Every structure is written in structure tokens, then in C-alpha cells.
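To start, the structure itself, in C-alpha cells.
Protein chains in written order, with the numbering used here: chain A, 126 to 507; chain B, 126 to 507.
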């Protein structure tokens with residue numbers, strides 16, 4: 126509805142037509158769509174798109190679609206692909222958006238949206254190139270939209286991809302006043318011979334590494350919100366329960382729960398680029414809905430299990446706090462939440478130390494979770 | 126939430142975890158997310174994805190992201206790009222989805238979603254490669270989701286692109302019972318030197334061709350629904366008012382209003398491929414929200430007007446019927462609806478007849494709408 130390709134202005138809404146019909150009768154505006162607010166929102170967000178645009182982004186304002194040069198022959202930023210495979214995925218932020226709305230904090234949910242997509246894509250060895258967002262909402266509040274897109278743009282900057290466009294759809298009959306939904310779409314590229322498909326490569330003895338999450342990330346928020354309501358937790362209160370976690374200590378619960386999903390693109394892409402010939406990574410998994418047991422299994426062949434030692438890392442106190450207040454079963458916790466591990470790598474044993482070192486030097490907290498053993502394609506938490 | 130890359134099954138939801146927690150307390154299911162229904166929906170829609178997959182689609186079930194080979198060297202389906210530009214866009218179907226819900230007809234709205242995206246992309250000379258859909262909804266009704274994705278798959282088949290994946294997000298707190306929103310993302314490719322950017326190339330004297338729409342397409346449905354309510358029109362009634370239109374005659378109003386958006390990909394892509402060296406097309410526009418005056422202008426340089434003769438085509442009776450019942454001003458009609466013209470081409474005068482012929486032979490109804498003249502970048506309806 127409010128098309129935003131290449132930070133396009135809504136040029137078509139001010140194309141010399143009268144602002145109001147010259148005789149009474151139904152109009153588009155009267156049927157509930159606020160064109161001026163849409164225009165203003167588009168103006169506000171243009172700079173957020175532009176700051177993610179490198180020289181590979183082509184095209185002008187007002188284009189129907191965003192354009193991105195795949196190969197790039199100029200000396201700076203040179204990129205040339207021999208047999209490029211496009212990798213694409215879409216994901217939303219789920220009901221975390223309800224928490225953002227409830228708290229009136231809109232500038233980080235966009236990073237969650239980017240994270241959910243780009244973290245999925247790097248699992249297959251891809252490097253994110255471009256991103257587009259879709260926002261469905263009740264009514265455009267330009268300043269709020271600007272905050273949302275700022276967050277998307279922040280996420281794109283962290284992931285090193287271009288925010289190529291987006292769409293804002295004002296649908297007052299679908300979304301309640303104040304509500305919105307946010308979905309994203311990412312495209313990346315990987316050389317055919319560098320595609321990672323864990324199913325085939327994982328062998329017994331491979332080492333499983335886990336990268337720390339920043340918190341709940343973007344899954345399980347229906348349950349989080351049920352716990353908050355059930356236990357009458359106060360979102361504006363700083364709880365001591367998670368004071369031992371340096372990332373969460375001293376922050377209000379709502380703020381901690383809105384902590385944006387960590388984006389693992391740069392450490393993972395840089396790690397993969399570092400190995401020109403050798404292939405030390407046999408599989409990876411982004412830990413989303415389904416938790417460790419429901420995502421790490423996606424990297425396993427049918428005759429291999431992932432044996433994960435629950436004592437190999439400390440579950441962050443935030444999760445224990447939620448578990449206690451919701452009286453949630455331990456298995457359910459691991460099935461719904463990341464429990465502190467946001468991303469996993471399955472690594473050839475010979476390379477495990479080197480890979481862990483590289484990731485630590487890239488700023489990640491790395492845990493050796495366990496190893497691959499003969500089995501049935503399952504994740505065994507022991 | 127219910128991830129559907131590469132028709133992936135929700136393998137992570139049945140990964141050997143107990144179905145229910147072993148002690149009382151909050152669970153993810155109790156917090157409102159129906160995992161079984163999600164599983165069943167994913168099963169039902171797999172075949173719809175697969176039928177759009179050619180040999181360029183890679184990857185297995187359960188992958189985190191869909192994969193598509195850009196170059197393809199095998200003899201059949203050979204494709205090789207010298208300097209490929211990725212073209213990407215996102216769009217939803219707006220409140221047309223409310224009409225589909227109201228009528229309980231869910232199997233064509235997906236084609237609308239594909240059309241809104243791929244028709245945007247071909248404007249820049251691109252050939253659509255892949256598509257992903259996002260459905261946000263109150264609660265997964267597997268058979269209904271299957272209908273929605275069937276429509277998306279139909280659209281992809283018409284557009285010749287692969288439905289590479291999708292996402293179904295169950296968000297009972299955002300969407301009301303029975304409601305859903307549908308958005309799509311498309312990626313295509315065009316050789317750098319074949320990119321069409323009308324802004325630069327359109328010259329006075331260029332001929333403007335219009336391709337017939339199939340009806341209201343996917344814009345202006347807030348106004349359509351306001352008219353239906355205002356005039357107490359009956360969606361299940363066959364009105365004589367549009368009996369002169371062979372496409373709409375004898376059909377109930379609701380059915381006519383749900384007629385899916387025409388997809389212009391094959392005639393346009395085939396037309397462009399036919400000209401290896403010459404570049405007869407100086408600009409194109411997909412007629413969406415904003416109508417002819419608000420979209421054709423996006424193909425114009427700042428010193429050129431498009432002079433469109435309103436008498437060069439007959440506005441389909443459906444639009445006059447809506448106008449009469451809504452007492453809608455004529456300019457407002459042209460600003461909101463396509464008025465019978467769904468896609469426009471600006472063509473070098475020397476090639477106008479040949480281009481129109483080719484499009485007619487490809488099954489399109491072509492109108493010569495007018496021509497480019499010196500001006501201010503506006504569309505002048507005369």
C-alpha cells in the first residue's frame with residue numbers, strides 16, 4: 126500500500142491530482158486509509174534505508190522494485206561468483222511485537238526481524254545481501270514506523286546487508302488500534318560448492334559448539350507473555366533474579382525481554398571465508414522455535430545423534446526466572462526457548478579448538494556443548 | 126513460527142520430545158499456539174511448493190532457508206548471467222484479504238499476492254526467479270492455509286517462478302478469529318545492461334500502450350468494501366450492470382471482486398527477450414494504488430508528461446457500477462482504481478505496432494492510450 130522500494134517516496138500520491146474529490150461521495154481517504162501519514166512515514170525512513178546501501182545497490186527513488194548487483198567488478202568491493210546459489214528466507218518476530226507495542230518501545234524489534242532471517246540463512250553457508258520488510262498495521266503513525274524501520278536498518282547494518290525496500294500496509298479492519306505485525310525477507314548468496322548441508326557431512330565425533338544468545342531472542346513470546354500475566358510480573362521492575370547475568374543485571378524486566386536477537390552473521394561469514402579449501406564445519410543450526418532439540422536436529426543425518434551435555438553451559442538466570450514463575454516443565458523450557466544458546470556449529474574434531482578460538486576472538490561466547498554420536502537423527506540432552 | 130522453507134516439515138516439533146509436559150504448569154500450547162495444526166498445514170502445502178520447483182531449486186526438507194541456483198550450465202534450462210542484477214520487492218494484498226475471508230474463498234488471494242510483486246518487478250526488465258509468502262493469522266486452519274498457499278503456488282506457476290518457502294505465524298493476540306494477512310516477497314534477475322529505468326529513456330513521441338486488467342486487481346479494496354456496505358450491495362447476487370463485460374458477466378459480485386490480479390510476466394518477459402539488441406521499451410509501469418496517474422508517472426523523466434486519452438479504452442462496467450453506488454468522483458476513481466488498465470508500456474514510436482502485435486499474440490488485450498509529450502513528469506488524463 127505504502128510502497129517503499131529503494132526508499133521510494135510515495136510520489137504517486139501527490140501526482141497532481143486534487144486532494145479531495147470535488148463532489149460529495151465516498152473517497153479512499155474516507156474509507157480509512159491515511160495517505161498523508163503514509164507519505165510522512167516514507168519520508169522519515171528514507172535515511173534509514175540509505176545508510177545500508179553500498180555501491181552494489183542500484184536504482185532511483187520511485188522504482189517499482191529494489192535492485193542489487195550480484196557481481197561487482199570494480200576494484201573496491203570486488204565480488205565475483207562462479208556458480209552462485211541464491212538463498213532466501215522469510216520470518217517474522219512473532220508475538221514479541223506485542224511486547225514492543227505494550228512497552229511503547231519500537232526501535233529494536235526491527236533488529237529481531239533481521240536476525241530471525243539472516244541467522245537462518247548463514248546456516249547454509251550464505252552471505253546475506255539484501256533485506257526487505259513488511260509491516261501490516263492499523264494506522265500509520267509516522268514516528269512509530271520510523272522507529273520500527275530504524276531497527277530494521279540497525280539489523281541490516283550489523284548483518285552487512287542492504288535494506289532494499291519494504292511495504293507498509295494500513296489495514297484498519299485487520300489490525301486493532303495500535304497493533305502491527307512485522308515480517309522480513311532476506312536474500313543471500315553462496316557458491317554452489319560451498320553450500321553447507323549438514324545432513325550429509327556430520328560424522329560421529331564431530332564437536333558441537335554453541336554461541337551464547339542475548340536472551341529470549343524472538344521465539345516463545347506467547348509463553349513469556351503468559352508467564353508475565355500468570356505471575357503478575359511487572360515489566361517496569363528490575364528483578365534481582367537475573368542480577369548475576371552481566372547482560373541483564375539492573376535492567377527492567379520489559380527491557381530485558383525486548384533485548385534484540387543477536388545477529389551471528391559477521392563471525393560466521395568471516396569464519397567460513399577463512400577456510401578457502403578445508404571444510405571444518407559439517408553443519409550449523411540457528412536455535413529458534415523448537416529450541417536446541419528442535420533445531421540442531423535439522424543439521425543431523427538420520428543415523429547420527431547430537432549428544433548435548435546440559436552442564437556444558439549455565440542457563441542464563443532469566444530463563445530460570447521465567448520457568449519458576451510459570452511453573453514450566455524443564456523439557457518444555459528446552460523445547461520452547463534457546464536457554465542461552467542462540468546458534469550452534471558442528472565442527473570436525475581436529476578443527477574444534479581453532480574454530481572456537483576464532484569465534485571467541487570475534488566477540489562470541491562459545492560453549493563446547495557435546496558431540497555427534499551414532500543414533501537416529503535426534504538431539505539428546507544428557 | 127511455522128517455518129516452511131523448501132516445503133520443510135516441522136521436523137523440530139516431533140523431535141522425540143514428550144508431547145505434553147510431565148507436570149502441571151504453563152506450556153507453549155496452553156499459551157495459544159496449536160503445533161499440531163501447524164504441522165498438518167505444512168504437510169498439506171508441500172505439494173503446492175514442489176510443483177513450482179524446477180532443477181534450479183536446491184536443498185532438502187528441513188533446511189533453514191530455500192536455495193536457488195542462479196547460473197545453470199546444464200543443457201536444458203541453460204542460464205548464464207554476465208553481470209546479474211538481483212531485483213527484489215515485497216507487497217501484500219491489502220484488504221482484498223478481508224473480502225476473501227468474508228466470502229470464505231481462500232484459493233485465489235495467493236495469486237493476487239504473487240501478482241502484486243512480480244508485476245512490479247518486470248517493470249525494471251527483470252525475470253522473476255523465486256517467491257516466498259508470509260501469512261500472519263489468528264489460528265492455523267490447515268485446510269484454509271492449504272487453499273491460500275495453493276493460490277500462491279498457482280500464481281508462481283503463472284509467473285514461472287519457484288515458491289521457495291514461506292512462513293505461517295500464528296498470533297492470536299494480533300489477528301482476530303478467522304483473520305489473516307498475506308504478504309509476499311519476490312526475487313528476480315536482469316542483466317545490468319538490460320535494466321529498464323524509464324526516467325532516462327522516455328522521449329516525446331513515445332507511444333503508451335495499456336494492457337487490460339482482469340478487474341479491480343488488488344488495490345482500492347478499502348473503498349470497494351465501503352461501497353458494498355454503503356450501498357448495501359449483495360456479494361452473492363449477480364448484477365446485470367456488468368453483464369456487458371464477458372469476463373464478469375453472469376458472476377456474483379463477490380466472485381467478480383475476488384477475480385485474481387492478472388499476472389503480466391510471461392508476455393512481458395517474452396517480449397523483452399525477443400529484442401536482443403534493440404531496446405524498443407523506454408519504460409513500463411504496473412498500475413497499482415494510485416491508479417494510472419500515480420504509477421505511469423513513475424516511468425517518466427521530470428520534463429515529460431504522459432498524455433492519456435480517456436476515450437482510448439472502455440472503462441469496464443464493474444468500475445462504473447462501483448462509482449455509481451459509491452457516488453465516487455471521477456478523478457478519485459482514476460486515482461484509486463486501475464479502471465481497466467493493469468499494466469502500461471512506453472514504446473519507441475517505430476516499434477509500437479510490432480510490440481502491440483506481439484502482446485496481442487501473447488493473449489493480451491492492448492490499448493493505445495496516448496503518447497509522451499514535453500511536460501513536468503505528470504500523467505495527463507485528457
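Just so it is clear, CB atoms sit at the ideal spot from N, CA and C, and this is done for glycine as well. Since we're looking at a predicted model, the values are computed, not measured.
- Closest option to residue 263(A), judged by alpha-carbon separation, among 347(A), 244(A), 234(A) and 163(A): 163(A).
- The alpha-carbon of residue 344(B) is positioned some 41 Å away from that of residue 207(A).
- Beta-bridge annotation (DSSP): residue 411(B) is paired with 468(B).
- Only those residues of the stretch 388-407 of chain A whose C-beta falls short of 7 Å from the nearest C-beta of chain B would be listed, and there are none.
- Around residue 209(B), the beta-carbon contacts reaching into chain A at under 7 Å are 195 and 196.
- Under the 7 Å criterion on CB atoms, residue 462(B) is classed as non-interfacial with respect to chain A.
- In the structure shown, residue 458(A) adopts helical secondary structure according to DSSP, grouped into three states.
- Neighbours of residue 269(B) across chain A, judged by C-beta separation under 7 Å, do not exist; the nearest C-beta is about 16 Å away.
- Listed along chain B is no residue with a C-beta nearer than 7 Å to that of residue 476(A); the closest approach is about 22 Å.
- The three-state secondary structure of residue 453(B), taken from DSSP, is coil.
- Close partners of residue 411(B) in chain A (Cβ separation under 9 Å): 189.
- Distance from the Cα of residue 349(B) is smallest, within the candidate group 156(B), 445(B), 178(B) and 161(B), for 445(B).
- Sixteen is the threshold: since fewer than 16 other Cβ atoms of the shown chains lie within 10 Å of the Cβ of residue 475(B), the residue is exposed.
- Around the beta carbon of residue 420(A), 16 or more other beta carbons sit within 10 angstroms, so the residue counts as buried.
- Beta-bridge analysis with DSSP links residue 192(B) to 212(A) and 183(B).
- In the structure shown, the three-state DSSP call for residue 501(B) is coil.
- Take residue 216(A), set aside five residues on each side of it, and the residues of its chain with a beta-carbon closer than 6 Å to its own are 241 and 242, in chain order.
- Taken through DSSP and simplified to helix, strand or coil, residue 253(A) comes out as strand.
- Distance check between residue 255(B) and each of 194(B), 227(B) and 367(B) places 194(B) closest, using alpha-carbon atoms only.
- Every unbroken stretch of the beta strand (DSSP E) spanning 3 or more residues and falling wholly within the stretch 228-286 of chain A is given here in chain order: 252-262.
- In this structure, 501(A) is the residue among 313(A), 354(A), 339(A) and 501(A) with its C-alpha nearest to the C-alpha of residue 418(A).
- For residue 383(B), same chain residues with a beta-carbon under 8 Å away, outside a window of 5 residues either side, are 221, 224, 225, 228, 230, 233 and 234 in chain order.
- Against residue 310(B), the close residues of chain A are 213, 215, 257, 259 and 310, in the order they occur along the chain (beta-carbon pairs closer than 8 Å).
- Per DSSP, the beta bridge partners of residue 310(A) are 215(A) and 257(A).
- For the 7 Å CB-CB criterion, residue 218(B) and residue 245(B) do not form a contact.
- Relative to the Cα of residue 309(B), the nearest Cα in the group 205(B), 433(B) and 278(B) belongs to 278(B).
- Shown here for residue 492(A): same chain residues with a beta carbon closer than 6 Å to its own, the five before and five after excluded, namely 335, 437 and 438 in chain order.
- Residue 373(B) sits in coil when the DSSP states are folded into three classes, being neither helix nor strand.
- Note on geometry: alpha-carbon atoms of residue 211(B) and residue 457(B) lie some 35 Å from one another.
- DSSP places residue 433(B) in the uninterrupted beta strand (DSSP E) bounded by 429-433.
- Residue burial is scored here from C-beta neighbours: residue 478(B) has fewer than 16 other C-beta atoms within 10 angstroms and is therefore classed as exposed.
- Nearest CB-CB separation between residue 221(A) and chain B: not below the 7 Å threshold.
- DSSP places residue 333(B) within a strand segment (E or B) once states are collapsed to three.
- Here residue 507(B) is exposed: its Cβ has fewer than 16 other Cβ atoms, across all protein chains shown, within 10 Å.
- Comparing alpha carbon positions, the residue from 377(A), 213(A), 271(A) and 389(A) closest to residue 362(A) is 377(A).
- Residue 375(A) counts as exposed, since fewer than 16 other C-beta atoms from the protein chains shown sit within 10 angstroms of its C-beta.
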